[in-house]
Each structure stands twice: as structure tokens, then as C-alpha cells.
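Participant:
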Amino acid sequence: MDKHHTVTPSEWPIMELLWESPKTLMELVSALSNQVGWSKSTITTMVRRMDDKGLITFHTEGRAKIFRPAVSREEVTAQETDSLLRRAYRGSIGLLVSAMADRNDLSKEDIAELYAILKEAEADMT
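Add 66 to a position in the sequence shown, counting from 1, and you land on the number used in our numbering.
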């Protein structure tokens with residue numbers, strides 16, 4: 067993301083739906099009223115604010131606005147990860163992994179996946 071667009075916790079459900087596929091406002095209302103119980107006016111306000119922030123964009127087809135993400139999931143998750151590392155772990159990936167290991171939050175599959183990621187990262191450095 068060129069600018070640092072922060073996705074708030076309440077914006078994530080909208081982004082998740084739009085990352086799946088573009089949606090009209092009424093499609094968002096239908097999905098979100100079932101998922102999180104928001105009213106049409108709440109969703110309309112959220113969508114307007116997200117458009118103002120540059121998180122989503124739209125085009126018009128007939129009378130309907132078709133909304134789509136203006137930022138990719140990868141961009142947002144990378145920024146969220148960087149933010150978490152800076153705030154909670156002083157920028158240290160080692161501290162993050164250590165905290166997870168200390169809490170026994172890593173399964174054998176997680177550890178194997180981490181080894182594979184690290185081996186690939188090391189190979190890319192050479």
C-alpha cells in the first residue's frame with residue numbers, strides 16, 4: 067500500500083467479503099446483517115468511510131454501485147504483521163516465535179512449516 071491504510075477490526079468483515087468478490091451494497095448488507103447483525107445504515111456509513119480512506123473503490127452499473135477492494139489482502143496483512151511486530155515485539159520475529167513456543171501454541175506441523183519457510187528464505191539469500 068502506498069499509504070498506510072489501517073483496517074480497523076470492524077472493517078475486516080467488509081474487506082473479507084470484497085476480497086472474495088466484488089459486491090453491491092445490498093449484497094454486503096445481506097451478508098453482514100447475517101454475520102454481524104449490522105443495519106443497512108451502519109454498513110452504508112462503513113462503506114463510505116472505507117472509500118474515503120482508500121481501502122475500497124466502486125464503479126456504477128445501472129443504479130447499483132459495485133464495490134471492490136482497493137488494497138490486496140497481502141498488502142493489509144503485511145502491514146498488520148509489521149505493526150504487531152513493532153508494537154508488541156520491538157520488531158523482533160524471534161521474540162514473536164519465542165512467545166508462541168513458550169505458550170505451546172506451535173504444533174509439530176507449525177514447526178515443520180516454519181523450518182521450511184526459513185530454509186527457503188535462507189536459499190533465497192544466496
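Yeah, the Cβ is synthetic: ideal placement off N, Cα and C, and Gly gets one too.
Within this structure, are the beta carbons of leucine 121 and alanine 136 separated by less than 8 Å?
Facilitator: Contact flag set, yes.
Participant: If you follow the beta strand (DSSP E) that threonine 194 is in, where does it begin and where does it stop?
Facilitator: Residue coverage of the chain in this structure runs from 67 to 192, which leaves residue 194 outside it and unanswerable.
Participant: Going by the DSSP bridge assignment, what does lysine 131 pair with across the sheet?
Facilitator: BP columns for lysine 131 point to Thr126.
Participant: Could you give the distance in angstroms between the alpha-carbon of lysine 131 and the alpha-carbon of methionine 81?
Facilitator: Distance between the alpha carbons of lysine 131 and methionine 81 is about 16 Å.
Participant: Tell me the residue span of the alpha helix (DSSP H) that contains serine 149.
Facilitator: Run containing serine 149: 139-155, per the alpha helix (DSSP H) assignment.
Participant: For valine 73 versus valine 142, is the C-beta distance shorter than 8 Å?
Facilitator: Yes. Within cutoff.
Participant: Terminal residues of the continuous alpha helix (DSSP H) containing asparagine 100?
Facilitator: Taken as a continuous stretch (DSSP letters only), the alpha helix (DSSP H) holding asparagine 100 covers 91-101.
Participant: Tell me whether alanine 167 sits in a helix, a strand or coil according to DSSP, three-state version.
Facilitator: Of the three classes helix, strand and coil, the one that applies to alanine 167 here is helix, per DSSP.
Participant: Measuring CA to CA, which of Met166, Ala189, Pro88 is closest to serine 138?
Facilitator: Comparing Cα-Cα distances from serine 138 to each of Met166, Ala189, Pro88, the minimum goes to Pro88.
Participant: Exposed or buried, methionine 166, counting other C-beta atoms within 10 Å across all chains shown (16 or more means buried)?
Facilitator: Exposed: under 16 other Cβ atoms inside 10 Å.
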